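Here's the structure, in structure tokens; my notes come after.
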Amino acid sequence: MTTTVVHTGSAVATQAVAARLAALVGAGDLIVLCGDLGAGKTTFTQGFGEALGVTSPVTSPTFTLANRYEGALIVNHLDVYRLAHIAEVEDLGLPELVDDRSVTLIEWGDAIVGALSGGYLEVRIRLGDGTDDRTLEFRAVGTEWRDREAALSGLADGGPGDAGGAPC
Ligand SMILES: Nc1ncnc2c1ncn2[C@@H]1O[C@H](COP(=O)(O)OP(=O)(O)OP(=O)(O)O)[C@@H](O)[C@H]1O
Ligand SMILES: [Mg+2]
């Protein structure tokens, strides 16, 4: 399984990588954002949304659970950190959100990937040594991203790797 690894040294750099990813997405895509508190999941989504023409500010959906933005595609932005039970995930109506007009990004999606029926792109953000250092790892799960693996590896600063690791 190929994992594409990108290092960034600032929030703006992470947003620029997200913008490049936005050029690869289509309607119906699901992106699961993983990483510790303050890793940069919302920051990533801001760069992603901006690249898709979202003009309203992208803010953390921690308390709203789900925000919806209009751009070239509709951007659904979810944060399921506070969801303790899989039943609550079902209440979110994820299958209805992941429709043919929208792309959906889910922060803290680790807990729910087992309940997903389709594929998704995992974006794992790891803290680095310096305050602003981050490592972004992109890993496609399922068939939806198979044709785009070469394009995904084009996001890499060191070329495609094989970091392996547990699913998100
Ligand atoms: N290289 C970087 N990439 C992303 N964010 C960075 C980077 N360097 C510094 N930051 C800062 O780290 C913070 C990341 O906060 P953000 O809200 O995006 O994290 P989060 O993963 O969504 O957290 P939470 O789990 O609380 O939702 C921001 O203040 C951002 O400016
Ligand atoms: Mg966040």
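Take the numbering used here: the final residue in the sequence shown is number 200, and no numbers are missing along the way.
The beta-carbon is built from N, C-alpha and C at its ideal position, and this holds for glycine as well.
Note that the coordinates shown come from a computational prediction; the quantities given were computed from them, not determined experimentally.
Closer than 6 Å: is that where the CB of Asp-132 sits relative to any heavy atom of ligand 1? Answer for Asp-132: no, Cβ out of range of ligand 1.
State yes or no: is the C-beta of Thr-74 nearer than 6 Å to some heavy atom of ligand 2? yes
Limits of the alpha helix (DSSP H) - the one that Thr-75 falls within: 73–83
Around the Cβ of Gly-85, are there at least 16 other Cβ atoms within 10 angstroms (buried) or fewer (exposed)? exposed
Kindly identify the DSSP beta-bridge partner or partners of Asp-111. Glu-139
Closest to Glu-154 by CA distance: which of Gly-70, Trp-140 and Ser-134 is it? Trp-140
How many angstroms separate the CA atom of Gly-191 from the CA atom of Leu-126? Any reading at Gly-191 needs caution, since the residue's pLDDT is 48, under 50, leaving its predicted position unreliable; the model's value is listed next. Using only the alpha carbons, I get a separation of about 33 Å.
Does ligand 1 have a heavy atom nearer than 6 Å to the CB of Ser-149? no
Please report how far the alpha carbon of Glu-176 lies from the alpha carbon of Asp-161, in whole angstroms. 34 Å
Per-residue burial, Gly-70 [other beta carbons within 10 Å of its own, 16 or more giving buried]: exposed
What residue from Arg-178, Ser-92, Asp-132 and Glu-122 has the CA that sits closest to Ala-104's CA? Asp-132
If you follow the alpha helix (DSSP H) that Ala-45 is in, where does it begin and where does it stop? 43–54
To which residues of the same chain is Ala-98 closer than 6 Å at the C-beta, ignoring the five residues directly before and after it? Leu-110
Measuring alpha carbon to alpha carbon, tell me which residue in Asp-179, Glu-169 and Asp-123 is nearest Ala-188. Checking every option, the nearest Cα to that of Ala-188 belongs to Glu-169.
Expressed to the nearest angstrom, what Euclidean distance is found between the alpha-carbon atoms of Gly-151 and Gly-41? Straight-line measurement puts the Cα of Gly-41 at about 30 Å from the Cα of Gly-151.
Report the rounded CA-to-CA distance for Ala-51 versus Gln-78, giving the unit in angstroms. 9 Å
Within this structure, are the beta carbons of Thr-129 and Asn-108 separated by less than 7 Å? Reading off the sequence, residue 129 comes out as Leu, not Thr. The answer is yes: Cβ separation under 7 Å.
Return the Cβ separation of Phe-76 and Ala-54 in integer angstroms, given the expectation that the two are a contact with Cβ distance under 8 Å. For Phe-76 against Ala-54, the beta-carbon gap comes to about 10 Å, at or over 8 Å, which does not count as contact.
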